[in-house]
Amino acid sequence: MKVKGIINEEKITLQELREELLKVEAVRLEAGKEMSYELRRSIEHANHLSKTSAGSSRELVEKLLEFEKMKPEIAFRIAGIMPQSRDELRAIYAKERFNLTGEELDEILDLVKVHF
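Rendered as structure tokens:
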């Protein structure tokens, strides 16, 4: 499949991607079209890694963006991975030029646990 041009670009969470892929799958199955290997693998990957609902993940991203040291890329990564420990969260922030305090890490982890 060749892409001719990008019309619109928007960040979405893994859970939202999963819902979109499931819609595409339903349309293809209803029309009797065969799904490509890449599409099947993408759906399988999204199903395997999704740990919460799309609405809950979007709400988590919005709340994470309220933090001072939160970039949109990191907020979406946290919503996709749903880290459960400080070490997992530190790994997400490993490339950043700043470190989070234990209190900031705990606040983020508490938000993740609420939306899990």
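Numbering (UniProt numbering), first residue to last: 1 to 116.
Backbone N, C-alpha and C define an ideal beta-carbon position, used for all residues, glycine too.
In this text, all values refer to a predicted model and were calculated from it rather than measured experimentally.
Open item on the list: What does the Cβ neighbour count give for residue 18, buried or exposed, with the cut at 16 atoms within 10 Å?
Closed with: By the 10 Å Cβ count, residue 18 comes out buried.
Task: Within 7 angstroms, strictly: CB atoms of residue 15 and residue 42 - done: Against a cut-off of 7 angstroms, the Cβ pair of residue 42 and residue 15 comes out as no contact.
Open item on the list: Please report the straight-line C-alpha distance between residue 47 and residue 53, rounded to a whole angstrom.
Closed with: Distance between the alpha carbons of residue 47 and residue 53: 11 angstroms.
Task: Terminal residues of the alpha helix (DSSP H) in which residue 47 lies - done: It spans 37-49 - the alpha helix (DSSP H) in which residue 47 sits, taken as one unbroken run.
Task: Inter-residue Cα distance where the pair is residue 31 and residue 37 - done: One C-alpha to the other measures close to 17 angstroms.
- [ ] State the DSSP-derived secondary structure class of residue 84, mapped to helix, strand or coil.
- [x] Shown here, residue 84 sits in coil according to DSSP, grouped into three states, outside any helix or strand.
Task: Beta carbon of residue 86 nearer than 7 angstroms to that of residue 105 - done: Going by beta carbons, residue 86 and residue 105 fall inside the 7 angstroms limit.
TODO: Please report how far the alpha carbon of residue 29 lies from the alpha carbon of residue 45, in whole angstroms.
DONE: Spanning the two alpha carbons is a distance of roughly 19 angstroms.
Open item on the list: Alpha carbons only, please: which of 39, 116 and 113 is nearest the one belonging to residue 24?
Closed with: Ranking the options by Cα distance to residue 24, first place goes to 39.
Open item on the list: Helix, strand or coil for residue 73? Go by DSSP, reduced to three states.
Closed with: DSSP, read as helix, strand or coil, puts residue 73 in helix.
Open item on the list: Comparing C-alpha positions only, which one of 35, 109 and 10 sits nearest to residue 22?
Closed with: Residue 35 is the option with its Cα nearest to residue 22.
Task: Same chain, Cβ closer than 8 angstroms to residue 57, neighbours up to 5 away in sequence not counted - done: Excluding positions up to five away in sequence, the list reads 13, 14, 15, 16, 79, 80 and 115.
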